[in-house]
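Down below is the structure, laid out as structure tokens.
Protein chains: 2
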Amino acid sequence: MTEQFAELRPTARILLGPGPSNVHPRVMKAMMSPVIGHLDPDFVKVMEDLKRLQRAVFRTQNEMTFPASGTGSSGMEMIAANLIEDGDQVIVGVNGAFGTRFADCAERQGARVHKVEAEWGRIIEPDTVKRALASVSNPKLVVIVHAETSTGVHQPIEEISALARTHGALLVVDAVTSLACVPLETDRWGIDACFSCTQKGLSAPPGLAPVTFSARAMEAIRRRKSKCRSWYLDVAAIGSYWGSERVYHHTAPITMIYALYEALRVVMEEGLEQRWLRHRSNAAALHAGLGALGLKLAAQEGRRLPQLTTVEVPPGVDEARVRAELLQQFNIEIAAGLGPLRGKVWRIGLMGESSRRENVTLVLGALEQILAGAGFELSRGKALAAAQAAWATG
Amino acid sequence: MTEQFAELRPTARILLGPGPSNVHPRVMKAMMSPVIGHLDPDFVKVMEDLKRLQRAVFRTQNEMTFPASGTGSSGMEMIAANLIEDGDQVIVGVNGAFGTRFADCAERQGARVHKVEAEWGRIIEPDTVKRALASVSNPKLVVIVHAETSTGVHQPIEEISALARTHGALLVVDAVTSLACVPLETDRWGIDACFSCTQKGLSAPPGLAPVTFSARAMEAIRRRKSKCRSWYLDVAAIGSYWGSERVYHHTAPITMIYALYEALRVVMEEGLEQRWLRHRSNAAALHAGLGALGLKLAAQEGRRLPQLTTVEVPPGVDEARVRAELLQQFNIEIAAGLGPLRGKVWRIGLMGESSRRENVTLVLGALEQILAGAGFELSRGKALAAAQAAWATG
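Chain order of the listed sequences is A and B. Quick note: the first sequence uses this note's numbering, first residue 69, plus one each step. Quick note: the second sequence uses this note's numbering, first residue 69, plus one each step.
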């Protein structure tokens, strides 16, 4: 049967969707380091350095800062499974697919979920969180998505954090699409539990979920009356492996940890502030160019993520066909809308290594050709000039 | 801060512990394939081929055969979380660390667990399972560990399978340490759910859990009265991504899937039967050599795994020091005992790529030097001759 299965030959793509982003070559190289045992002294040193790097990127001093052994969503589930017990009151901001997802996950863990909703494409207003906190007795968690990957909305955190603290609730932040793209200040903003992924702002392959837990969150975990429902994601047990005890829990995903280590090193060498600036500058150019093409942005003005842009599909244009032509003719991946935005928007990502001047130039040029070919009325040649002007001023 | 964090330079090791095993160079190379989107047509083709390869290695026709996005234990948790509802009766064979682990995991998922126990180092006798089945009303699952990594015991499955079937229970098999090392016949033995890992018999890095579910298991999942408690490991949702619908659930760990694909291809090129034979032959040589050194094997005679050998630590020998010298002087990793066997045994793995004549020769030679240096009385030079004789006859 073996002759049926060919050598792997996936086409290299320019990844301008909601993740994965293009992987840094140094990360690819790091993955070639020899696989060694999860208790090998050489690996233990990597773990210790990785924790310090991850703290730096999360801007936290939290001792419990490490990667969960699964993709970004496993970080979500780790936080829900460890911080929620049956009947706990959990307030979740829902203005897109990932708030919806957390609410579902929290309910499965036994929470009484109170959704604070906003239209897809708009932020969760702090006032609505305030009202929810006032109406729920003994709220345990407030959950908010920092960067809604389904809508491109950039959620402010600080005001909601202050409200949660006032009501004695822990603040959980979904930073899957924000880490290393836009400012995220775990300690300064009073975030108690935060999760992200490797394949977006960090530009490593998907496979790990960097997480961090504050001392308050760890105290809540220690005070649980029931065991964590998840054996695999039990923070108390995993903490004994990542802590100085080194008690075996499960075999760490060695190669992915090498990848994350190198990706974090690349981020810190560029510098977080410089990286945030790069994302903002390239997004401004993309947005200017899209405007010059006659396209409209879907997310709330002033609250748009630089790393993920939702673009309205113009009337009469075949949404899926444009994506297919981008992929087939230009090897560019962008993404469709999710949920109520399916068929209505494209999602263009400029995350991590993918946020580059050449990629903005390319995607604008490709879109101009495809849309002109599809009979969409546009003024040729304006998009690149607009992008260039944005770079010059930004 | 970046200058504090050095380039990754882990020492290459000869991995003769309970996993990870040494990774095949073709698997390392496959991981360098470009990361692409989890819905990219090129990736979808890899997924389809991977499922067919995984079915071949599990010896199953099960439609629901795919890798869970976590290490081996995530496969255990996926099976427990999807097949168990509150109050379900679950019979678990416990004769080592991994039966104990499944029992813990099942309890966390709400099961009423009935442990069928045997001494660590001995198999679970089918008669004890028979008695448990007779005493438990409406048993839903019988769980058995095929290869107990903590003891080196090789558990026969077929008789227990027949008993489970007679009582209408589903049979769950932990094949973490058995897949691609010893015969595993998912369909022929009537296994309903089975999980393994990538870093042992398959010789890829750790990070995925190949799983398979029978039609009967899937029917039990469809008949659930409550939602699966795990969002991340919900088989119904993940099946929609791995099935023809391609509904996005979570971002697949692309690079690890490339690794698994290539590892499975390598296994099928060698041929499963040939691979089982290789493991048996090298283990026979190891066992003969250890005997000639004057060491005793800890697992029940006639039920010893070829891929994982537990060796009794002789009186007066410093268990940890021998392991440290193997690592420091020879770059060989072997492992300590777990639980009641801690300090009493060493665990020597010959799994996947690590099961090689050169590794047997090396570990015997290294042990002879270290034990002689530690004052253990042995006849020099006999181990290699005994191993050679075993290869000649085996």
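Backbone N, C-alpha and C fix where the C-beta goes; we use that ideal spot for every residue, glycine too.
Query	Result
Under the three-state DSSP convention, the category residue 444/B falls into	coil
Residue 208/B, buried or exposed, once every other Cβ within 10 Å from all chains shown has been counted against 16	buried
Distance, residue 147/B Cα to residue 184/B Cα	19 angstroms
Whole-number beta carbon distance between residue 273/B and residue 103/A, since they are thought to touch under 8 angstroms	5 angstroms
Extent of the continuous alpha helix (DSSP H) run through residue 194/B	194-203
Closest residue to residue 269/B among 205/B, 460/B, 116/B, 376/B (Cα-Cα distance)	376/B
Reduced DSSP secondary structure (H/G/I, E/B, other) of residue 420/B	helix
Every unbroken alpha helix (DSSP H) within the stretch 295-357 of chain A, with a cutoff of 4 residues, ordered by chain	303-310, 322-338
Three-state class that DSSP yields for residue 99/B in the structure shown	coil
Cut-off 8 angstroms between Cβ atoms - residues of its own chain near residue 293/A, not counting five sequence neighbours on either side	153
Within 9 angstroms of chain B by C-beta, residues of the stretch 319-332 of chain A in sequence order	319, 320, 321, 322, 323, 324, 326, 327, 329, 330, 332
The beta strand (DSSP E) enclosing residue 238/A, as first and last residue numbers	238-242
Residues in the stretch 84-106 of chain A having any Cβ partner in chain B nearer than 7 angstroms	85, 87, 88, 91, 96, 98, 99, 100, 101, 102, 103, 104, 105
Chain-ordered chain B contacts of residue 300/A [CB-CB under 7 angstroms]	138, 141, 142, 145
Cross-chain neighbours of residue 111/B in chain A, by beta carbon under 7 angstroms	78
Interface residues of chain A facing residue 121/B [CB-CB closer than 7 angstroms]	73
Residues in the stretch 262-277 of chain B having any Cβ partner in chain A nearer than 8 angstroms	265, 267, 273, 274, 275
Contact set between residue 295/B and chain A, taken where Cβ atoms lie within less than 7 angstroms	176
Test: residue 81/A CB closer than 7 angstroms to a CB of chain B	yes
Sub-7 angstroms separation of residue 214/B and residue 373/B beta-carbons	no
Under the three-state DSSP convention, the category residue 209/A falls into	strand
From 368/B, 176/B, 433/B, residue whose alpha carbon lies closest to that of residue 163/B	368/B
CB of residue 260/A within 7 angstroms of CB of residue 239/A, strictly	yes
For residue 365/B, the nearest candidate out of 388/B, 84/B, 416/B, 322/B (CA to CA)	416/B
Within the stretch 379-416 of chain B, ranges of the alpha helix (DSSP H) (whole runs, at least 4 residues)	387-398
Sub-7 angstroms separation of residue 324/A and residue 407/B beta-carbons	no
Interface residues of chain A facing residue 249/B [CB-CB closer than 8 angstroms]	By Cβ distance, chain A contributes nothing, its closest Cβ being about 16 angstroms from residue 249/B, past 8 angstroms.
Coil, strand or helix - residue 373/B by DSSP	coil
Residue-level contact to chain A via CB, residue 401/B, 7 angstroms cutoff	yes
7 angstroms Cβ cutoff met for residue 76/B and residue 402/B	no
Residue 386/A: contacting residues in chain B (beta-carbon distance under 9 angstroms)	None at all; the shortest Cβ gap to chain B is about 18 angstroms.
Between the CA atoms of residue 169/A and residue 299/B - distance to the nearest angstrom	9 angstroms
Residues, ordered as in the chain, of the stretch 220-251 of chain A that lie near chain B by beta-carbon distance below 8 angstroms	none
Beta bridge counterpart(s) of residue 116/B as assigned by DSSP	DSSP lists no partner for residue 116/B.
Euclidean distance between Cα positions of residue 322/A and residue 107/A	11 angstroms
Chain E contact residues for residue 117/A, given Cβ-Cβ distances below 7 angstroms	The structure shown contains no chain E; the protein chains it does contain are A and B.
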